[in-house]
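Novice: Take the sequence shown: its position 136, counting from 1, is numbered 137 in this note's numbering, and each next residue is one higher.
Here a beta-carbon is modelled for each residue, glycine too, at the ideal position from N, C-alpha and C.
A quick note: this is a predicted structure, and the numbers were derived from the prediction, not measured.
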Amino acid sequence: MNAEIITPTAELARRISATPRGARLARHLATQQLGVWGFPHDSQVSVTVQHIVAELAANAVIHGRVPGRAFELRLMLLAEDTLRIEVSDARGERKLRYVTEAEGENGRGLVIVTLLARTWGVAERDVGKTVWAEVGLDFTRPSRDIPPSDTSSELPVPGRWSAMP
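(1) CA-CA distance, A91 and Q33?
(2) Taking contact to mean at least 3 C-beta pairs separated by less than 8 angstroms, is the segment 36–43 in contact with the segment 58–68?
(3) To the nearest angstrom, report how far apart V54 and D127 are at their CA atoms.
(4) Can you give me the Cβ contacts of R142 inside the same chain, cut-off strictly under 8 angstroms, excluding the 5 residues immediately before and after it?
(5) Out of V62, T131 and D43, which has the shortest C-alpha to C-alpha gap to T20?
(6) Opposite R75 in the DSSP bridges: which residues?
(7) Considering T32, what are the terminal residues of the beta strand (DSSP E) in which it resides?
(8) In terms of residues, what are the limits of the alpha helix (DSSP H) holding G110?
(9) With C-beta atoms as the reference, is T49 less than 8 angstroms away from V132?
(10) According to DSSP, which residues form a beta bridge with G137?
(11) Would you please state the rounded distance, in angstroms, between the beta carbons of A124 and A134? I believe it to be under 8 angstroms.
(12) Using the beta-carbon count (16 or more within 10 Å), is A80 buried or exposed?
(13) Tell me, to the nearest whole angstrom, how far the beta carbon of L13 is from that of R109; I am working on the premise that it is less than 8 angstroms.
(14) With distance defined between alpha-carbon atoms, name the residue in T83, R15 and G129 nearest to S47.
(15) Can you tell me whether E94 is helix, strand or coil according to DSSP?
(16) Which residues does DSSP pair with G122 in a beta bridge?
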C-alpha cells in the first residue's frame, strides 16, 4: 500500500491537554496561526477552520481521551491551496459515529465536518488515531460540485458562503 505523501509549505503542531480547556485552546491556536498565514479572524477560511477544529478537538477530548495523555493539533498549508487539519488522540479502539437517533444529543460533529471540509478521514496510528480534514483556501469557487444557491434564501449551501446574521 502506498502512503500519501504530504509536503506542507507551512505547519503548526502542538500537543494540548485533553480537557475542555484544551479543546478551546486548540481552536484559538488555529485561529491565531491562520492570522499569521494571512487569513483574518473573521475570514471565511478562518471561520470554517474554527468550526472543524472545535468539533475534532471536542471529539478528541470527549471520546479519545486517555488519562495522562494529550491530543495533538496539526495544521498544514499544502501547495495546492489546501489546509489540512489533523487532530490525533491516544484512543484507537473507539470507532467514529454519526447520528443514529433523530432526537439524540450527540453524533452531529462529524456531520458538520462533512459539510465544511473538502474531504476528511481517519488514519490509524500505532497508538490511537488521527482524524483529518482538508479545507480549500480559494473561496472564490465552491469546494464541492454544488449548483449555485438561490440568492433569496437565507440558508447557506454547503461549499458556499453567505453573510452570517
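Specialist: Taking the structure as given:
(1) Working through the sequence shown from its first residue, we reach residue 91 at position 90. Working through the sequence shown from its first residue, we reach residue 33 at position 32. One C-alpha to the other measures close to 25 angstroms.
(2) no
(3) In the sequence shown, the residue the question calls residue 54 occupies position 53. In the sequence shown, the residue the question calls residue 127 occupies position 126. If you take the alpha carbons of V54 and D127, they lie about 23 angstroms apart.
(4) The sequence position of residue 142 within the sequence shown is 141, counting from 1. Residue confidence is low: R142 scores 39 on pLDDT, short of 50, so the model does not pin down where it sits. No coordinate-derived value is stated.
(5) Taking the sequence shown and counting its residues from 1, one reaches residue 20 at position 19. It is V62 whose Cα lies nearest to the Cα of T20.
(6) Here residue 75 corresponds to residue number 74 of the sequence shown, with the count starting at 1. The partner list for R75 (beta bridge, DSSP) reads A14 and E87.
(7) Within the sequence shown, numbered from 1, the residue matching residue 32 stands at position 31. Careful: T32 lies outside any beta strand (DSSP E), inside the alpha helix (DSSP H) at P21 to V37.
(8) Numbered from its first residue, the sequence shown carries residue 110 at position 109. It spans G110 to L117 - the alpha helix (DSSP H) in which G110 sits, taken as one unbroken run.
(9) On the sequence shown, residue 49 is found 48 positions in, with the first residue counted as 1. On the sequence shown, residue 132 is found 131 positions in, with the first residue counted as 1. Cβ atoms of T49 and V132: not closer than 8 angstroms.
(10) Within the sequence shown, numbered from 1, the residue matching residue 137 stands at position 136. T83, per the DSSP bridge assignment.
(11) Residue numbering aside, residue 124 sits at position 123 when the sequence shown is read from its first letter. Residue numbering aside, residue 134 sits at position 133 when the sequence shown is read from its first letter. Rounded, the Cβ-Cβ distance is 12 angstroms, inconsistent with contact.
(12) Working through the sequence shown from its first residue, we reach residue 80 at position 79. Flag for A80 reads exposed.
(13) For the purposes of this step, residue 13 is identified with residue 12 of the sequence shown, where counting begins at 1. For the purposes of this step, residue 109 is identified with residue 108 of the sequence shown, where counting begins at 1. About 27 angstroms separates the two Cβ atoms, so there is no contact after all.
(14) As a first step, residue 47 is located in the sequence shown; it is residue number 46 there, counting from the start. The shortest Cα separation from S47 among T83, R15 and G129 belongs to T83.
(15) Working through the sequence shown from its first residue, we reach residue 94 at position 93. DSSP places E94 in coil when its eight states are reduced to three.
(16) In the sequence shown, the residue the question calls residue 122 occupies position 121. Note: G122 sits in a beta bridge opposite W133.
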